[in-house]
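Numbering (mature numbering (1 follows the signal peptide of the UniProt record, and there is no 0)), first residue to last: -20 to -1, 1 to 547.
The C-beta atom is built at its ideal place from N, Cα and C for all residues, glycine as well.
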């Protein structure tokens, strides 16, 4: 998952967390091959706790037992808050993706994760093979010029021929990736990454067991590791759950189940907090939601030139695809919703103040009449406000821009899949089901299953078994009520397959980390420290206000610090 680090709350450093002495893990006598040292400054930019960095050599190709070739993977550590002799081993964290380097994300989330886990564990992460910084980074184009020559993808409802246009673009991308990645592209699949993770476990020289917290795609990686190495699992958290059955067969429909409810929450939160949301002008949440869908419909036929297009980090024009994609991606992180409201406000302001633009669609403009009249009556918008408001210059967008030549997401995901045929006709049922599942998100990312349907090579190892496995400690599965991409139903499905318990967090955003819940944090701490699982049917609330000024984590950390830990 992309992490908007700019919006992470500034949380005070953890004080003394431990008041008891839980059973600790004695490290093996053998010295670890991992040599920790100071991290590069760019890794520490958003770090909330001190971090250390290292590398570990792992087999390049696990299927070639005769080869001695090795691959360096970057590993990162946030040390536990207690002395070495009291520590309970390491927890490995994966930030999602696929295709996301996880070092900066661990740094950004370190305070809240250390508080939630109790402070007795080192927190470890690594940059998966194929991602940015990897010696075998998966790139399909060498330069921006060749990248720009590839046909763009558009949202599926952009026009009546959009699916055909995207299908052609997916063929081009898959063929270009096959030409560029014909030597190492088959070496970055999830099964190999799971083996890399177990190599880290071995190198740590602890007890040989995996303790793990994975979010988003990290839950797919975690579930795969559990299925491949059930006897080597200790405590495993899957948070913001990907349905592994749909993932491995390119039939991801379930993922949009709660996206529309999340968008309705954005509109409801806006109306309930009008001082923080300029779109709330005397409308009900339903009226606002329909007006925004009307705006998207207008952008299908008439994209709007961005008056700030010559400034850095600006899109050249506001299109149905770009605006809808921006709205959908912001649903992942509720703390970005006030900024999203201002961006939409700027688009509407441009429409209102540009007579030549508005005159191009007298009939379509009627769809927004009620909305526009309200805005005019309030007198809150001016032409000056249209300048400078629609800014995408936040760190999430900077990351996306920096990663434009990187195609590690399809490189990993598509190589993982078991697909029998590649034709648009065969894909249509899945594509239509995705688009019908969600009005706001269903057509926003159809390029992924299309590209995977046309993919030219497979990972050298793909996990083909089921997920009905029993581990030493049952798995803790966490799902949100309003997660736009890993819905609660996926968490329920996985918790009923793997032996484990589902914890339902009643919150917005993607996984449990964007909005704090003291109940969830206590459950995580009890799980990692004592192996205790919440009762079946547990539902944890949050005290975070939509369009509020914080994500609740500062208060939750203070409460966790004030309560003694039970051994």
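Same chain only: Cβ atoms within 6 angstroms of residue 248, ignoring 5 sequence neighbours per side: Taking the chain shown and counting its residues from 1, one reaches residue 248 at position 268. The residues are 265.
CA-CA distance, residue 489 and residue 279? Position 509 of the chain shown holds residue 489. Position 299 of the chain shown holds residue 279. Residue 279 has its alpha-carbon roughly 26 angstroms from the corresponding atom of residue 489.
Candidates 423, 402, 34, 466: closest to residue 13 by CA position: In the chain shown, counting from the first residue as 1, residue 13 sits at position 33. Answer by Cα proximity: 34.
Quick check on the burial criterion: 16 or more other C-beta atoms within 10 angstroms. Buried or exposed for residue 358? The residue labelled residue 358 in the question sits at position 378 within the chain shown. With a pLDDT of only 45 at residue 358, under the threshold of 50, the placement of this residue in the model should not be trusted, and no figure is reported.
Does the segment 429 to 445 come close enough to the segment 387 to 399 to have 3 or more Cβ pairs within less than 8 angstroms? With a cut-off of 8 angstroms, the segment 387 to 399 and the segment 429 to 445 count as touching, because enough Cβ pairs lie within range.
Proximal residues to residue 475 (C-beta, below 6 angstroms), its chain only, five neighbours per side dropped: Walking along the chain shown from the start, residue 475 turns up at place 495. Hits under 6 angstroms: 457, 482.
Terminal residues of the beta strand (DSSP E) in which residue 37 lies: Numbered from 1 along the chain shown, position 57 holds the residue referred to as residue 37. Start and end: 32 to 39.
Validate contact between the segment 497 to 509 and the segment 95 to 108 using beta carbons, cut 8 angstroms, 3 pairs: Verdict: yes, contact present.
What's the gap between the Cα of residue 537 and the Cα of residue 131? Along the chain shown, read from residue 1 onward, the residue named residue 537 stands at position 557. Along the chain shown, read from residue 1 onward, the residue named residue 131 stands at position 151. Roughly 47 angstroms between the two C-alpha positions.
Going by the beta-carbon positions, is the gap between residue 77 and residue 27 smaller than 8 angstroms? Start at 1 with the first residue of the chain shown, and residue 77 comes out as number 97. Start at 1 with the first residue of the chain shown, and residue 27 comes out as number 47. In this structure, residue 27 does not lie closer than 8 angstroms to residue 77 by Cβ.
Where residue 301 and residue 308 are concerned, what is the direct C-alpha to C-alpha distance, given to the nearest angstrom? Residue 301 sits at position 321 when you count from the first residue of the chain shown. Residue 308 sits at position 328 when you count from the first residue of the chain shown. Using only the alpha carbons, I get a separation of about 10 angstroms.
Under the three-state reduction of DSSP, which class applies to residue 269: helix, strand or coil? Taking the first residue of the chain shown as position 1, residue 269 is located at position 289. Annotated three-state conformation of residue 269 is helix, per DSSP.
Taking the continuous beta strand (DSSP E) assigned at residue 213, which residues delimit it? Here residue 213 corresponds to residue number 233 of the chain shown, with the count starting at 1. First-last of the beta strand (DSSP E) with residue 213: 213 to 221.
Looking at C-alpha atoms only, which residue of 484, 510, 511 is the closest neighbour of residue 498? Mapped onto the chain shown, residue 498 falls at position 518. Comparing Cα-Cα distances from residue 498 to each of 484, 510, 511, the minimum goes to 484.
Look at residue 216 and residue 202 and say whether their C-beta atoms are less than 8 angstroms apart. The residue given as residue 216 occupies position 236 in the chain shown. The residue given as residue 202 occupies position 222 in the chain shown. The criterion of a C-beta distance shorter than 8 angstroms is satisfied by residue 216 and residue 202.
Hey, how far is the Cα of residue 143 from the Cα of residue 424? Here residue 143 refers to the residue found at position 163 of the chain shown. Here residue 424 refers to the residue found at position 444 of the chain shown. Each residue's alpha carbon lies about 12 angstroms from the other.
Is it right to say residue 387 is buried, meaning 16 or more other beta carbons lie within 10 angstroms of its own, or is it exposed? Reading the chain shown from its first residue, position 407 is the one you call residue 387. Buried, because 16 or more other Cβ atoms sit within 10 Å of the Cβ of residue 387.
On a CA-only basis, which of 18, 67, 239 is nearest residue 101? Give me that one, please. On the chain shown, residue 101 is found 121 positions in, with the first residue counted as 1. With distances taken between Cα atoms, residue 101 lies closest to 67.
As assigned by DSSP and simplified to three states, the class of residue 370: Here the question's residue 370 lines up with position 390 in the chain shown. In this predicted model, residue 370 has a pLDDT of only 31, less than 50, meaning its place in the structure is not dependable; the value taken from the coordinates is given anyway. It is coil, neither helix nor strand.
Identify whether residue 435 lies in helix, strand or coil by the three-state DSSP scheme. Stepping through the chain shown from its first residue, residue 435 is reached at position 455. Under the three-state reduction of DSSP, residue 435 is assigned to coil, being neither helix nor strand.
Return the residue from the list 113, 124, 107, 103 that minimises the CA-CA distance to residue 191. Taking the first residue of the chain shown as 1, we reach residue 191 at position 211. For residue 191, the closest C-alpha among the options 113, 124, 107, 103 is that of 103.
What does DSSP give as the partner residues of residue 520 in its beta bridges? The count along the chain shown starts at 1 and reaches residue 520 at position 540. Residue 520 is bridged to 485.
Among the residues of its own chain, which have a CB less than 8 angstroms from the CB of residue 297, if the five just before and after it don't count? In the chain shown, residue 297 corresponds to position 317, counting from 1. Excluding positions up to five away in sequence, the list reads 283, 284, 285, 286, 289.
Between the segment 520 to 530 and the segment 117 to 130, do three or more beta carbon pairs fall short of 8 angstroms? With a cut-off of 8 angstroms, the segment 117 to 130 and the segment 520 to 530 do not count as touching, because too few Cβ pairs lie within range.
From residue 539 to residue 442, what does the alpha carbon distance come to, in whole angstroms? In the chain shown, counting from the first residue as 1, residue 539 sits at position 559. In the chain shown, counting from the first residue as 1, residue 442 sits at position 462. Each residue's alpha carbon lies about 44 angstroms from the other.
Distance check for residue 292 and residue 325, CA to CA, integer angstroms please. Locating residue 325 in the chain shown gives position 345, counting from the first residue. Locating residue 292 in the chain shown gives position 312, counting from the first residue. Cα to Cα, the separation comes out at about 20 angstroms.
Nearest CA to the CA of residue 129: which residue from 149, 138, 140? Stepping through the chain shown from its first residue, residue 129 is reached at position 149. If you compare the alpha carbons of 149, 138, 140 with that of residue 129, the shortest gap goes to 149.
With contact counted as at least three CB pairs below 8 angstroms, one residue from each stretch, are the segment 236 to 248 and the segment 451 to 471 in contact? The segment 236 to 248 vs the segment 451 to 471: in contact.
Among 48, 171, 273, 23, whose alpha-carbon lies nearest the alpha-carbon of residue 56? Along the chain shown, read from residue 1 onward, the residue named residue 56 stands at position 76. Closest by alpha carbon: 23.
Does the beta-carbon of residue 69 have 16 or more other beta-carbons within 10 angstroms, so that it is buried, or is it exposed? Counting from 1 along the chain shown, the entry for residue 69 is found at position 89. Flag for residue 69 reads buried.
Taking 8 angstroms as the threshold (C-beta atoms), are residue 495 and residue 522 in contact? Indexing the chain shown from 1 puts residue 522 at position 542. Indexing the chain shown from 1 puts residue 495 at position 515. Taking 8 angstroms as the Cβ cut-off, residue 522 and residue 495 qualify as a contacting pair.
Could you check whether residue 245 and residue 135 sit closer than 8 angstroms to each other, using their CB atoms as the reference points? Mapped onto the chain shown, residue 135 falls at position 155. Mapped onto the chain shown, residue 245 falls at position 265. With contacts defined as CB atoms closer than 8 angstroms, residue 135 and residue 245 fail to qualify as a contacting pair.
Buried or exposed for residue 281, please, with buried defined as at least 16 other CB atoms from any protein chain shown within 10 angstroms of its CB. By 1-based counting over the chain shown, the position of residue 281 is 301. Classification for residue 281: exposed.
With a cut-off of 8 angstroms on the beta carbons, I'd call residue 115 and residue 312 a contact; round off their distance for me. Position 135 of the chain shown, counting from 1, holds the residue named residue 115. Position 332 of the chain shown, counting from 1, holds the residue named residue 312. About 30 angstroms separates the beta carbon of residue 115 from that of residue 312, a gap too long to meet the 8 angstroms contact definition.
Beta-ladder partner(s) of residue 18, from DSSP: In the chain shown, counting from the first residue as 1, residue 18 sits at position 38. The secondary-structure analysis by DSSP pairs residue 18 across a beta bridge with 32.
Straight-line CA distance for residue 255 to residue 319? Along the chain shown, read from residue 1 onward, the residue named residue 255 stands at position 275. Along the chain shown, read from residue 1 onward, the residue named residue 319 stands at position 339. Residue 255 and residue 319: Cα-Cα distance of roughly 13 angstroms.
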